[in-house]
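Chains as they are written, first to last, in our numbering: chain W, 4 to 328; chain U, 747 to 1102. Note that CB positions come from ideal geometry on N, CA and C, so glycine has one too.
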């Protein structure tokens, strides 16, 4: 045995087929797995589109402008106008509430909190991301909603003159506003985690230079951290938006599934793509399923576009990727 | 001659005032906070405020504006703005902690009411929605089977993708895959369910079963597993690989016996976090399985329950006993996720490569 290791290896054997075949098989396996990832992304779009076609052909109303949802009626009448409205408005309410708070949290952890406890505090905020959405829904429905009624009534009383908050019926439950609050809590950790990573990458030299010139801490944040972190903040907000648009169960439990466009966000009502699919799924006939799939396709395309924009913004700085947060 | 040098009798305080301007004393924030809390407590006690929540909000506002006003008089506009912003930033953190604590409190408080040993050993079979009793055994078994199957499928594929990206990843294909892995993390969970339904159940006649649910969870796990494994593989020092190549070990053997074992603890941590994330998914399960109240061990056939769909079902029933069962299910689900999270931290700590 020792004899063989001493002998000069045959060059033909080094490039021997066994070694190269192992390498080639392994390389192809890993490349195949990678291509599978791409194939799945593509297949999602293809299958949803394919199975959506029958209902789209049967629709006697305009799919994009119709508000009602009767895909199993004869003739079928359905459209995504109300769903799209509800999806976008609940997500916007969530964004308005969540983005400033999330940026505050990120600043707190990256530049205000004591270094030694900062990572622990970050972990605590991340725990919020670990709470399953069904539990957010349960909590939002049976704890937050009853406790928020007084607050919503207060808003309506003093700001009801703004059309957005008008509520002549004085019923304050199951509204887009409450769903938006729950969504805001759910997307907080997503936005703050990515923003925090960006803020931590601000060059220490810039920070110290700014402080040495006599800037207060807030001036340093405004003039050094924000300009540096702007693309990261935008893309974090987009990632949060993507999550808010696609959230299903919490919204389905809270909203009262009304198929009409209603700007008065404190009134019961609203419906979203995802919530509608979950609620209508088991009662839908064949055409109903196809119609739900069509609405799911629209949701998929919207979230895909939002996520792609977010990723393209950060693609310039690879380290910003928040996928592992 | 400057006045500083000619007069030797200047105190440190005066010097600081000269250089940095007049500042509030160190105890100023505490004093303002104490005053704000005392005032709002007084107003609450007198009965001018509705409750604790209003009192807390008022105290916060008093502190915010009180400190800024004081600072504005003594220190000027810039420092007042700084103190104002600092207060807001600290508040933002508290605002995030409040719902977390509130949710955990509700889940633990209401969940403990129904959490008896039988809750783990009974199913919902022959339990009416108005009756008490019943349990989650069927849902627990379903969740464990589905999540286990999803992990078995997703981990090898995900790790292979990560290996491709890190070890072979140069060129357009790798960057495209990397981009779409990131994009896939944002795919809504309900779309994953729709995809399995259209792609496999409608097209290829797969049965609506626990296995279909597992496949939907695979779609959601894959990007997370890829991304965390990729981060971990990147941390493996280049020297280790080069030492292995220098000994004549082929690349694939280097990866399987040097790179992967080194990164293993990180990969396991990432996998556990991915499992924790999908274990609570409800929407894809609603589309790919049928609800049931009975125990079904068979992942591949028949309706199978799971913890999230169990909770959903109990909330939908809407009666008092079923809603408290939902809270019980929520507590078990939270514990399940918490065990995975803590486990992930322990694994990361124990098996972390010894760096000295």
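Measuring alpha carbon to alpha carbon, tell me which of W:234, W:292, W:232 and W:196 ends up nearest residue 279 of chain W.
W:292
Tell me whether the beta-carbon of residue 138 of chain W lies closer than 9 angstroms to the beta-carbon of residue 1079 of chain U.
yes
In the structure shown, what three-state DSSP assignment does residue 941 of chain U receive?
helix
Between residue 757 of chain U and chain W, is any beta-carbon pair separated by less than 9 angstroms?
no
Pairing CB atoms from the stretch 70-90 of chain W with CB atoms from the stretch 251-262 of chain W, are three or more of them under 8 angstroms?
yes
Can you find a CB in chain U that lies within less than 9 angstroms of the CB of residue 81 of chain W?
no
Do residue 1103 of chain U and residue 1089 of chain U have their C-beta atoms within less than 9 angstroms of each other?
Past the edges of chain U, shown from 747 to 1102, lies residue 1103 of chain U, and the structure says nothing about it.
The stretch 1012-1029 of chain U: positions lying closer than 9 angstroms to chain W by Cβ:
1016, 1019, 1022, 1023, 1025, 1026, 1027, 1028 and 1029
Element boundaries [alpha helix (DSSP H), containing residue 150 of chain W]:
148-162
By the 7 angstroms beta-carbon criterion, what residues does the stretch 31-46 of chain W contribute toward chain U?
32, 33, 34, 36, 37, 39, 40, 41, 43, 44 and 46
In whole angstroms, give me the CA-to-CA distance for residue 82 of chain W and residue 72 of chain W.
6 angstroms
Would residue 758 of chain U be called buried (16 or more neighbouring beta carbons within 10 Å of its own) or exposed?
exposed
Counting contacts by CB-CB distance shorter than 9 angstroms, is residue 890 of chain U in contact with chain W?
no
Other residues of its chain near residue 965 of chain U: CB distance less than 6 angstroms, five sequence neighbours each side excluded:
938
For a test of your reading of the model: does the CB of residue 1056 of chain U fall under 8 angstroms from any non-hydrogen atom of the ligand ATP? Yes or no.
Of ligands this structure carries none, so the ligand ATP is not represented either.
How long is the line joining the alpha carbons of residue 63 of chain W and residue 70 of chain W, rounded to whole angstroms?
13 angstroms
CB residue 804 of chain U to CB residue 786 of chain U, shorter than 9 angstroms?
yes
Inter-residue CB distance, residue 885 of chain U and residue 1075 of chain U (contact presumed, cutoff 8 angstroms):
7 angstroms
Return yes when the Cβ of residue 826 of chain U is within less than 9 angstroms of the Cβ of residue 838 of chain U, no when it is not.
no
Bridge partners of residue 80 of chain W, per DSSP?
W:73
If you reduce the DSSP assignment to three classes, tell me which class residue 921 of chain U lands in.
helix
Return the CA-CA distance between residue 901 of chain U and residue 37 of chain W, expressed in angstroms with no decimal places.
13 angstroms
Residue 860 of chain U versus residue 1071 of chain U - alpha carbon distance
6 angstroms
Restricting to Cα atoms, I'd like to know which of W:76, W:190, W:65 and W:125 is closest to residue 94 of chain W.
W:190
Answer yes or no: does any C-beta atom of chain U fall closer than 9 angstroms to that of residue 310 of chain W?
yes
Who does residue 192 of chain W pair with in a DSSP beta bridge?
Answer by DSSP bridge pairing: none, since residue 192 of chain W is not bridged.
Three or more beta-carbon pairs under 8 angstroms between the stretch 919-931 of chain U and the stretch 1018-1027 of chain U, yes or no?
no
Thinking C-alpha only, which one of W:308, W:112 and W:34 is nearest residue 917 of chain U?
W:34
So, do the stretch 976-986 of chain U and the stretch 1059-1067 of chain U have three or more beta carbon pairs nearer to each other than 8 angstroms?
no
Please list, in chain order, the chain U residues whose beta carbon lies closer than 9 angstroms to that of residue 220 of chain W.
828, 831 and 832
What does residue 115 of chain W touch in chain U if you count any residue whose Cβ is under 9 angstroms from its own?
832, 835, 836 and 839
Members of the stretch 842-855 of chain U that neighbour chain W once the beta carbon cut-off is set at 8 angstroms
842, 843, 845, 846, 848, 849, 852 and 853
Just checking, does the stretch 193-205 of chain W make contact with the stretch 230-240 of chain W on the three C-beta pairs under 8 angstroms criterion?
yes
To the nearest angstrom, how far is the alpha carbon of residue 973 of chain U from that of residue 1027 of chain U?
20 angstroms
Relative to the C-alpha of residue 923 of chain U, which residue among U:933, U:911, U:934 and U:932 is closest?
U:911
Assess, as a yes-or-no matter, whether the stretch 829-838 of chain U is touched by the stretch 103-111 of chain W under the definition of 3 or more beta carbon pairs within less than 8 angstroms.
yes
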